[in-house]
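Reviewing the structure listed below.
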Amino acid sequence: MLSAESIKKIDYEITKYPADQRQSAVMAALRIVQTERGWLSQECISEVAAYLRMPEIAAMEVATFYNMYDLENVGRYKITICTNISCMLRDSDAIVNHLQAKLGVGFNQVTEDGKFCLKEGECMGACSGAPLMTVNNHVMHEFLTPERVDVILESLK
Amino acid sequence: MVEIEIDGKALEVEYGSTIIDAADKLGIAIPRFCYHKKLPVAANCRMCLVQVEKFAKPLPACATPVADGMKIFTRSKAAVEAQKSVMEFLLINHPLDCPICDQGGECDLQDIAVAYGTSGSRYTEEKRVVFNKNIGPLISTDMTRCIQCTRCVRFLKEVGGMHELGLVGRGEHVEITAYVDKSVNSELSGNIIDLCPVGALTSKPFRYSARSWELTRRPSIAPHDGLGSHIEVHVKDNKVMRVLPREKESINECWLSDRDRYSYEGLNSPDRLKVPMIKHNGAWQETDWKTALEFAAGQLKDITKQHGGDALGVLVSPNSTMEEGYLIKELAHGLGCDNVDYRLRQTDFRLDGKRVGTPWMGCNIQDIEELDRILLIGSNLRNEHPLLAQRFRKAVNNGAELSIVSPLDNNPLMEIAHKVIVRPNDMVNVLGQILKAMSKLQRLSLCLPPTLENLLSNIKVRDNTQAMAESLAGLGGEIDLVAPRVGIFIGNMGLSDPRFTEMYSMAEAIGGICGAKGGILPAAANSTGMHLMGVMPNAGGLHAREMLEQPRQAYLLLNIEPELDCQHAALAKAAMAQAECVVALTMYKSEALENADVLLPIAPFTETSGTFMSMEGRVQSFAAATKPLGECRPAWKVLRVLGNTLGLHGFDFDSSEQVKNAIFKGEKPSTVVRRSLNNNLKELVEIKVNVKNEGLQRIGEVPQYESDPIVRRSAPLQKTKYNTQPMARMCAAQISALGLVDGETVLARQDKGSAVLKVRLDHHVAMGCVRVTASHENSTGLGDLMGDITLEKYDSDKNATDNSQQEAETA
Amino acid sequence: MATPTKTPEKVVKKAIKQKASKEQPQTPITIRSTGRAFSLESLAGQTLLTLRTLTEENPASLAAYEKVGGYVQIKKIVTEKTKAVDIINQVKLSNLRGRGGAGFPTGLKWSFMPRYFDGTKYLVCNSDEGEPGTFKDRDILRYNPHQLIEGMLIAAYTLGARVGYNYIHGEIWQDYETFEAALHEAKAAGYLGENLFGTNFSFDLYAVHGYGAYICGEETALIESIEGKKGQPRFKPPFPASYGVFGKPTNVNNTESYASIPWIMQHGGQAFAELGVPNSGGTKLFSVSGHVEKPGNFEVKMGTTFTDLLNMAGGVWKGRKLKAVIPGGPSTAVMTAEMIQNATMDYDGLSKAGSSLGAGSMIVMDETTCMVKTLKRLSYFFYEESCGQCTPCREGTGWVYRVISRIVDGNGKLEDLDLLTDVSNNISGRTICALGDAAATPVLSFIKHFRPEFEYYILHGKSMIEQDSLQVSGIENTMVNEHVSGVSALSERIYVKDGSDKYGAEPNG
């Protein structure tokens, strides 16, 4: 069941579109539900589809197309590191190696305590701050160094 | 018109057409995978790239509209280079499994690769593997073969009306799939097999059973609903291996319903009766034709002689051919019997003798697409006429407004403008409201005859019926129409209703005011044909219902299982049980024929020649696709010999064509049809608009895969979710009003019969109704399809009889 | 139109001067939306136009924008009932070309929008910049969102659009929130909504977001995404001007394009055109990233020399030599140092030098860069971001990526270079949208300009760059894994929750 809080947020998104275009809110709705529950299970997608009165498969198409949606458990903190050209040129690999060594996981893996998951990201449109990463999609950390990464990890309880 | 040039050939084409349309018209082959003339354009496969003068890049022929003076080159160096490169891309991840692929020999990819590909591949990296999906009992998947053309996705969404398959993921990882572990449930699903240009979607029942080049293809006509779809029967070793649509734009276009596509599996059922059988001392014994026919003739003769012709009742399947219907009627008359009828699922016969002609759908099938306003009365369209529903869907997608008056709120998978979901008994009143509202509308205002005026004065028009009347009159939508094209149709539930006559009269009156086309949607393949030939009692004879209510000494059955094919199962069962003699011409051994005395094995439509007349009055003859199985014989031959054996005159036919000629008396069939089809009434029947009936009413729908003996034996169709066990389906309010709960067991009583059923929540059912499907062994204890019913809590101790009700998924 | 007053560069100089005289020269300006601070000195040499609030405290605030003359133009236009055709003429005169990368003349695009339409017309802003090295629109959203809003208001008035959407790249979530806040601020101040300025002009503007799909930067994919679908581009025609959002006429422009409009209205199209060079009017936000000392956005006049721009960014880092530059994002051809050193940064300048301006996303590579490995990363990007709709792009990007991977793994063959060229040429120009062309461009240009480096790698099984600055081992492994298990990983994560081989084989029956 969608929480009252989620429904309130989804309803706000629906107001952005004409009354017969509820489906338009699916991007936001999936984001809202994912933010609340950590990742999008099949139930989440079905519930969103039902709420927006759209076919489940259409919601599934959206959820699988955009790569910030997670269709499996990504731990409490999903860390997405950009490795695209501008970050790569400024040694994002050092950050990747540091994170992998520190957390003991590779990309798309969750740490044993279920706390962290590492993801490789594509360009985030903030290359002036390269190398950079996001935590749970919505918080961006720029100008990374191994030391800065340590401080960030420390702050994630 | 626009003048263009393709490969040097000048051509005039309609403004707005695409290059591929124009090339197809000219017979110039442009390769394509995603493009299909009946589907929305996707332009994603890129196979149809052609060179167009003044454009630097090749353009997709499927999505490029022609422009005046456009010069197109489909085989120039640039065009061929583009086509070859796309072919190469399509093949790099396609498996090399053609030798074990069912599509082999009829594969677009294979064919086009021969023409546009090269013999070797430059691709040496690893190939993609995609997991298969289980999308139900009808379609088999090999998803690694998929080339992502999305024809299947577009078909289900646009034609089927349900977005059941999607293309999930992105980039190289895109896959066609249903939602998680769901199956594809469209009743038109099999068409995606035909649409699939590769072997990704193939027929599950047909899988690995034959190669396409081993099959002999014979044209035929679909034998289940009144559409008259053109089919192609594929035969190997005298066995029907599969059925595919034969393109007929004005009828089935290039589609086929799953019922018509997969019913052939019932032809190969182990139930098939292969030799004549006679019951001796309660036990069935195989016998030869001569003995069986002499036995049958002797029995019929004795009984009619002893008790008069009236002692015989002749029940005929509306799915039988015209030839068969004609001969059995002649046979009955020869025995002095006027009790002949094909209207097995009808309750209300008050229109007999009042009709001007043969009732039909009142327009051409194609006309439906052009309608602006539609009123559908008592029809669960997708269940009754699965492919015809698609034409209605097109109309609605083109902007038509659909209004529905029905006891069931089933989703027709198209937008409904207005609906009134009420008890069957109240439908006459609702139609009266529409009529009253309409007669008051300024443009249509009309003095109704005093009888109707008086009748309607007691009716209170409600908002929703007012809206419906206005819609039918052309108001509403983006533009108010001065002269909308209106269609009014009555479906199977209406046809079975005890107040059908009143509904029909009301619908005629509404249609008269707003100038509508329309009529009934006859249920079976040859309903219209049977009516045309008068396979019905004349004045004095008994109709189908009376033959059961007033049990006869003998029955002659053609192609039916009485308790499953007659509208009152319990009556049918009892009538057969008490009869002295029952002669059944049947394709199957059946529990429903346990009370018969002789079984004569007849050939199904694939093993005989014959003629069906469709709902639009099209007379379509077909030849046998295979030889009859075992000792089976075409029913027309059996009836002919039976006639001979009885010593009757006029039974000297050597071919089914001769029978057909006799039916039409040498005239052109279309001339007879044109003269005969007429929905008008000679006089009005008595109509009551305010009939109070507080009791619970049954809605005894016939599930589409239970509609006739062949379909009931098609194993793959029976495995679909439409295989519905009868249950007591009601809306939540009705369940609680009866003090019941969802899932509990009840005893349903109708007349003297009963059935043990599970209560099931079904919010599609009108208040005051309980939906109990018919034509199923678990509801044969019940009576009228549409009639009064009671439910009581079932006490298993008190009624420790058969209670083998099972859970089943809903339709 | 209004008379030209202060040019943007004068504003910058004046601000620097004022600050210098009043306070400590190094006093930084605080950005409320990001909490970051930067010094005015870093603006030296720039011509702030779309970022003209940068010299104010809290530049993203309505107050800051109003202080620099914000929302004056829209109010004037609406209350004076300026004719739409006059506005379009000024935009045409300005020589403003679409800043999203394609460079289509904005005024001309506006003239395609049907004047009379029985229903809602839409306005869409494309803030979905995801092309590697592009991050200019982000700074408009977080530093000067109100100028974008005013630009869209002017466009809405001109084109008769009732509703607008700004589609923002999902990864810059904090900037999405900044923009949403700005929308609420504008609405509260009476700049958005119904009957604005007491007239019958109404405009509602909403922020919507992407969620990780580069392809949504393509306008028709973006429209699909707004409609709640996956971002697969539509084929054109029909163009958005006749069939856009919800099938209605829609005008789509880039963030920077809209944000330029208020200035054009204030100073006149001619003044804007004169800021730049012929055929490239106005200023341009250049995103400079990679091997420079100070990566960032630089708003300069069109026609600024490459050398000047590189110097603003602090030059090539660590005192190294310049090797190559991708001038406008990876969908523009890579250039050698020789090719670009004398070029000017404008449409014609870069075109003459052998590449194109694109979105002005300059990626600088120093002498330690291995071009083979760089191309591998770029081809992975296009492989990953292809929407999967058209055959050549869906199949071809994977093919290209695998061949380059094989070369990087030391298993290349010399004929692979011709194969790569051929396959890329076969993708290019044969797809619905331009992603196919974009995917082909780096392959073709890298091999064209750095062929010896590729040949060396194939023959020796290793890079010719001795001090390879790319510590690629980390990515190497993961990316190889990804491509081996890509499809099955996707299938598994959707379908097989219990780990069973439920759909691996044909189910019985």
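Protein chains in written order, with our numbering: chain A, 1 to 157; chain B, 1 to 811; chain C, 1 to 509.
The C-beta atom is built at its ideal place from N, Cα and C for all residues, glycine as well.
Boundaries for Phe450(C): no beta strand (DSSP E) harbours it, while the alpha helix (DSSP H) harbouring it runs Leu435 to His460, taken from the DSSP string.
Residues of chain C whose Cβ lies closer than 7 Å to the Cβ of Arg122(B) are, in chain order, Leu419. Listed in chain order, the alpha helix (DSSP H) elements of length 4 or more contained wholly in the segment 174-234 of chain C are 219-226.
Here Val114(B) is exposed. Its C-beta has fewer than 16 other C-beta atoms within 10 Å. Taking a beta-carbon distance threshold of 8 Å, Leu378(C) counts as an interface residue toward chain A. Secondary structure at Thr134(C): coil, using DSSP grouped into helix, strand and coil.
The segment 67-104 of chain C is shown to contain whole alpha helix (DSSP H) runs of 4 or more residues at 72-79 and 84-93, in chain order. With respect to the 8 Å criterion, Ile154(C) and Ile261(C) are classified as neighbours on the basis of their beta carbons.
Residue nearest to His764(B) within the set Phe155(B), Met277(B), Ser406(B) and Arg32(B) is Ser406(B) (criterion: CA-CA distance).
Of the residues assessed, Met1(B) falls on the exposed side of the cut-off, its CB having fewer than 16 other CB atoms within 10 angstroms. Taken through DSSP and simplified to helix, strand or coil, Ser403(B) comes out as strand. In the DSSP assignment, Lys376(C) falls within the alpha helix (DSSP H) that extends over Met371 to Glu385.
Taking every protein chain shown into account, the CB of Trp263(C) has 16 or more other CB atoms within 10 angstroms, so this residue is buried. Relative to Lys248(B), the option among Ile365(B), Ser212(B), Val316(B) and Gln346(B) whose CA is nearest is Ile365(B). Spanning the alpha carbons of Asn95(C) and Lys284(C) requires a straight line of approximately 12 Å. By the CB criterion at 8 Å, Met241(B) and Ala210(B) fall inside the cutoff. Bounds of the alpha helix (DSSP H) holding Gln466(B) are Asp463 to Leu472. Contact between Tyr264(B) and Leu138(B) is ruled out by a C-beta separation of about 12 Å, above the 8 Å threshold. In the three-state reduction of the DSSP assignment, Met133(A) falls in the strand class, which pools E and B. When only Cα atoms are considered, Pro412(B) and Tyr722(B) end up about 15 Å apart. Identification of chain B residues near Ala58(A) by a Cβ-Cβ cut-off of 8 Å yields His163 and Gly166, ordered along the chain. The three-state reading of DSSP puts Met88(A) in helix, counting H, G and I together.
If you draw a straight line from the Cα of Ala554(B) to the Cα of Leu293(B), it comes to about 15 Å. Excluding its 5 nearest sequence neighbours in each direction, Ala625(B) has C-beta neighbours in its own chain below 7 Å: Arg218, Ser220, Val233, Val235, Val240 and Thr606, listed in chain order.
Within the segment 722-762 of chain B, the runs of alpha helix (DSSP H) that reach at least 4 residues and sit entirely inside it are, in chain order, 732-737. Taking 8 Å as the cut-off, the beta carbon of Pro65(B) is found no closer than this to the beta carbon of Asn383(B).
Per the Cβ contact rule, the segment 541-549 of chain B is in contact with the segment 312-319 of chain B (3 or more Cβ pairs under 8 Å).
Taking a Cβ-Cβ cut-off of 7 Å, the neighbours of Tyr179(B) in chain A comprise Glu56, Ile57 and Met60, given in sequence order. Counting along the chain, Thr720(B) sits inside no beta strand (DSSP E), nor does DSSP assign it H or E at all. Around Arg712(B), the same chain offers Glu706 as residues with beta carbons nearer than 6 Å, after the five sequence neighbours per side are excluded. Look at Leu109(B): its C-beta is not under 8 Å from any C-beta on chain C. Cys632(B): not part of any alpha helix (DSSP H); DSSP gives it neither H nor E.
Just measuring C-alpha positions, the residue of Ile172(C), Thr391(C), Ser61(C) and Leu357(C) sitting nearest Gly129(A) is Ile172(C). For Glu12(B), the three-state secondary structure derived from DSSP is strand.
The closest CA to that of Leu495(B), considering only Gln346(B), Arg760(B), Gln620(B) and Asp352(B), is found on Gln346(B). Using a Cβ-Cβ cut-off of 8 Å, Gly169(B) counts as an interface residue toward chain A, since at least one Cβ of chain A sits closer than that to its own.
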